[in-house]
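Residue numbers (the UniProt record's numbering): 1 to 131.
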């Protein structure tokens with residue numbers, strides 16, 4: 001008789017993970033929205049892949065919106081830059097992030113969620129060190 005699947009034992013993704021995906025998707029769709037996310041830092045993201053992508057997005061000049069709508073040149077550069085830190089990233093992963101973003105105009109709200117959870121993680125870590 002086969003063993004039961006271990007999938008039932010997996011913890012569901014935390015809500016902030018979905019906010020991170022939506023934010024990155026918004027920035028991939030509309031890179032100019034980066035200026036709307038304030039002083040968000042890569043360390044605010046919960047996964048190495050998300051940190052690498054955010055770092056890449058911040059480090060590359062935003063493309064011309066009209067050209068960005070017609071070509072994937074900027075997205076290819078983001079992926080190549082992010083792969084230096086997270087080798088497993090693929091174009092399919094970027095596509096998934098774009099699909100995870102319901103409304104790019106909500107990028108500031110997604111960023112606030114990410115920043116708030118980062119503050120919680122930081123406080124939790126520091127409190128555990130003091131305990």
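Each residue gets a CB set at the ideal place from its N, CA and C atoms; glycine is no exception.
For clarity, every value in this text was computed on a predicted model and none was experimentally measured.
Unbroken alpha helix (DSSP H) run spanning residue 114, endpoints: Locating residue 114 in the chain shown gives position 114, counting from the first residue. Taken as a continuous stretch (DSSP letters only), the alpha helix (DSSP H) holding residue 114 covers 107-130.
Quick one, are the C-beta atoms of residue 83 and residue 75 less than 8 Å apart? As a working note, residue 83 is residue 83 in the chain shown. As a working note, residue 75 is residue 75 in the chain shown. Cβ atoms of residue 83 and residue 75: not closer than 8 Å.
Could you round the C-beta distance between residue 16 and residue 111 to whole angstroms and report it? I think they count as a contact, below 8 Å. Against the chain shown, residue 16 aligns to sequence position 16. Against the chain shown, residue 111 aligns to sequence position 111. No, residue 16 and residue 111 are not in contact; Cβ-Cβ is about 11 Å, not under 8 Å.
Have a look at residue 91 and residue 130 and give me their C-alpha separation to the nearest angstrom. Within the chain shown, numbered from 1, the residue matching residue 91 stands at position 91. Within the chain shown, numbered from 1, the residue matching residue 130 stands at position 130. Distance between the alpha carbons of residue 91 and residue 130 is about 42 Å.
Distance between residue 126 and residue 95 (C-alpha atoms, nearest Å): For the purposes of this step, residue 95 is taken as the residue at position 95 of the chain shown. For the purposes of this step, residue 126 is taken as the residue at position 126 of the chain shown. Answer to the nearest angstrom: the Cα atoms are 36 Å apart.
If you compare alpha carbons, which of 21, 26, 41 and 46 is closest to residue 59? Residue mapping note: residue 59 aligns to position 59 of the chain shown, counting from 1. The candidate whose alpha carbon is nearest that of residue 59 is 41.
Backbone CA spacing between residue 73 and residue 120 [nearest angstrom]: For the purposes of this step, residue 73 is identified with residue 73 of the chain shown, where counting begins at 1. For the purposes of this step, residue 120 is identified with residue 120 of the chain shown, where counting begins at 1. Going from the Cα of residue 73 to the Cα of residue 120 covers about 36 Å.
Hey, residue 57 and residue 29: beta-carbon distance below 8 Å or not? Taking the chain shown and counting its residues from 1, one reaches residue 57 at position 57. Taking the chain shown and counting its residues from 1, one reaches residue 29 at position 29. No, the pair does not count as a contact, with Cβ atoms beyond the cut-off.
Length-filtered (4 minimum) alpha helix (DSSP H) runs lying within the UniProt domain "DNA helicase DnaB-like N-terminal" (18-115): 48-59, 65-70, 73-83 and 91-99
Closest to residue 81 by C-alpha separation, out of 18, 128, 55 and 93, would be which residue? To locate residue 81, count along the chain shown from 1; it is residue 81. The shortest C-alpha separation from residue 81 is found at 55.
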